[in-house]
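Okay, so here's the structure we're looking at.
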Amino acid sequence: MLVQRHATTFIIQTAHRANDFQEFARFSQDNGATWSAWSRTVSQRSLLGTVSQSSGVPTGAVIERGSNANGEYVRFADGHQVCRTVAQTIDIATAVGSVFRGLGSGVSWPAAFSAVPFVVHMPTDSANLWGGNQLSSSATNAVLRLMAPTSVTGVQGWSLGIGRWF
Numbered sequence: 022m023l024v025q026r027h028a029t030t031f032i033i034q035t036a037h038r039a040n041d042f043q044e045f046a047r048f049s050q051d052n053g054a055t056w057s058a059w060s061r062t063v064s065q066r067s068l069l070g071t072v073s074q075s076s077g078v079p080t081g082a083v084i085e086r087g088s089n090a091n092g093e094y095v096r097f098a099d100g101h102q103v104c105r106t107v108a109q110t111i112d113i114a115t116a117v118g119s120v121f122r123g124l125g126s127g128v129s130w131p132a133a134f135s136a137v138p139f140v141v142h143m144p145t146d147s148a149n150l151w152g153g154n155q156l157s158s159s160a161t162n163a164v165l166r167l168m169a170p171t172s173v174t175g176v177q178g179w180s181l182g183i184g185r186w187f
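First residue of the sequence shown? That's 22 in our numbering, and the numbers climb one at a time after it.
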């Protein structure tokens with residue numbers, strides 16, 4: 022344990038947990054008469070890794086980044102999550118009035134959300150293509166649907182979901 026005194030009444034105690042060397046600190050502003058609760062400090066060791074929580078209180082790393090066959094994701098200790106799916110190929114060939122739309126391609130999120138996320142669909146090549154609309158979505162998947170002013174086949178598109186993991 023490291024004890025530091027600053028000014029006349031401010032004291033900081035810093036300790037490391039033996040099994041994983043995580044650092045915790047607490048402070049006193051009245052010369053040690055009362056102390057704050059112990060708090061885990063953020064360092065290079067705890068910044069990136071697996072995020073976790075217990076009853077809404079972060080207990081793991083600050084940021085988690087991962088990828089799998091469905092795409093890539095970033096989770097934050099405050100519960101926010103951003104997912105981007107791998108590109109899907111769809112044909113935009115169904116006439117709807119004066120525009121065309123794809124029939125939709127199901128995509129699974131690379132990491133599950135705790136509720137339906139905010140979703141944006143985008144083509145990878147935006148020349149003469151428009152963004153997509155939301156056909157349906159859940160905490161684990163979405164349906165990609167893109168639109169264009171003309172019929173186009175073999176269009177690549179991806180989905181972005183922003184929501185919460187807890």
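Positions of the beta carbon are idealized from the N, C-alpha and C atoms, including for glycine.
Other residues of its chain near residue i: CB distance less than 8 angstroms, five sequence neighbours each side excluded
{"i": "F139", "result": "G182, I183 and G184"}
{"i": "S64", "result": "E44"}
{"i": "G152", "result": "V141, H142, M143, P144, L167 and M168"}
{"i": "S129", "result": "N91, T106, T161 and N162"}
{"i": "L69", "result": "A82, V83, I84, E85 and R86"}
Burial state of residue i (16 or more Cβ within 10 Å)
{"i": "W186", "result": "buried"}
{"i": "L23", "result": "exposed"}
{"i": "R254", "result": "Any answer about residue 254 is impossible in this case: the structure gives the chain only from 22 up to 187."}
{"i": "A56", "result": "Reading the sequence as shown, one finds Trp at residue 56 and not Ala. It is exposed - the Cβ of W56 has fewer than 16 other Cβ atoms within 10 Å."}
{"i": "T106", "result": "buried"}
{"i": "F121", "result": "buried"}
{"i": "L150", "result": "buried"}
{"i": "S135", "result": "exposed"}
{"i": "A58", "result": "exposed"}
Close-in-space but distant-in-sequence residues of the same chain around residue i (CB under 6 angstroms, 5 per side omitted)
{"i": "V141", "result": "L181"}
{"i": "I32", "result": "R26, S49 and G53"}
{"i": "T35", "result": "L23 and A46"}
{"i": "H37", "result": "E44"}
For residue i, the three-state DSSP class (helix, strand or coil)
{"i": "G53", "result": "coil"}
{"i": "N162", "result": "strand"}
{"i": "M168", "result": "strand"}
{"i": "W179", "result": "strand"}
{"i": "R38", "result": "coil"}
{"i": "W151", "result": "strand"}
{"i": "L124", "result": "coil"}
{"i": "S135", "result": "coil"}
{"i": "A28", "result": "coil"}
{"i": "F48", "result": "strand"}
{"i": "T174", "result": "strand"}
{"i": "M22", "result": "coil"}
Selected residue, minimal CA-CA separation from residue i, among the options
{"i": "T110", "options": "N162, R26 and V173", "result": "V173"}
{"i": "I84", "options": "S75, V95, A90 and S76", "result": "V95"}
{"i": "F42", "options": "R61, R26 and N162", "result": "R61"}
{"i": "F48", "options": "Q177, Q25 and P131", "result": "Q25"}
{"i": "G118", "options": "T171, D112, V103 and P131", "result": "T171"}
{"i": "Q74", "options": "T30, H101 and A58", "result": "H101"}
{"i": "I98", "options": "G77, A108, H27 and S88", "result": "This sequence places Ala at residue 98; Ile is not what is there. Out of G77, A108, H27 and S88, G77 has the C-alpha closest to the C-alpha of A98."}
{"i": "S158", "options": "D146, A132, G127 and G178", "result": "G127"}
Those runs of the alpha helix (DSSP H) which lie wholly inside the stretch 55-118 and span at least 4 residues: 65-68
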